[in-house]
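K.L.:
If you read the sequence shown in my numbering, its first letter stands for residue 1, the second for the next number, and so on.
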Amino acid sequence: MPRNADTELRDTVISLIAGTLKVPAADIRDSSKLADIAPDSIALFELLVRLEKELGRRVEYEEIAHIETVGDVITYVASLPNDQTAGPPAPETPA
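1) Suppose contacts are defined by Cβ-Cβ distances below 7 Å. Is residue 16 in contact with residue 68 by that definition?
2) In the DSSP assignment, the alpha helix (DSSP H) including residue 174 goes from what residue to what residue?
3) For residue 35, tell me which candidate among 77, 65 and 75 has the shortest Cα-Cα distance.
4) With respect to the alpha helix (DSSP H) encompassing residue 76, which residues constitute its N-terminal and C-terminal limits?
5) So what's residue 85 in DSSP terms, helix, strand or just coil?
6) Taking buried to mean at least 16 other C-beta atoms within 10 Å of its own C-beta, is residue 76 buried or exposed?
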């Protein structure tokens, strides 16, 4: 039976969380609080950058303040448009 996109995304996010935060994937649940598994804000930032890079979706850092659990991360990432075909943002030019 083929896996659906939601299951694939969930598994990918959990794998990225496990690899980035050095937590066994088997210990990560949708209800796991990021504050309990991310040792500090730097690790959380590294996770967000890795999610963005690996999934090809732009993370709006201002919008992630409400994210508390792994399930919240999965829901948030699923709601983002896929930017894999887009290049990096253009550098800002001073006015």
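The C-beta atom is built at its ideal place from N, Cα and C for all residues, glycine as well. Just so you know, these numbers come straight off a predicted model, no measurement behind them.
P.N.:
Reading off the structure:
1) In the sequence shown, the residue the question calls residue 16 occupies position 16. In the sequence shown, the residue the question calls residue 68 occupies position 68. The Cβ-Cβ distance between residue 16 and residue 68 does not fall below 7 Å.
2) With the chain covering only 1 through 95, there is no way to say anything about residue 174.
3) To locate residue 35, count along the sequence shown from 1; it is residue 35. It is 65 whose Cα lies nearest to the Cα of residue 35.
4) In the sequence shown, counting from the first residue as 1, residue 76 sits at position 76. Element bounds for residue 76: 70 to 79.
5) Position 85 of the sequence shown holds residue 85. Unreliable placement is indicated for residue 85, whose pLDDT of 40 sits below 50; the coordinate value is still reported in the next sentence. Per DSSP, reduced to three states, the secondary structure at residue 85 is coil, with no helix or strand assignment.
6) Residue 76 sits at position 76 when you count from the first residue of the sequence shown. By the neighbour-count definition (other C-beta atoms within 10 Å, threshold 16), residue 76 is a buried residue.
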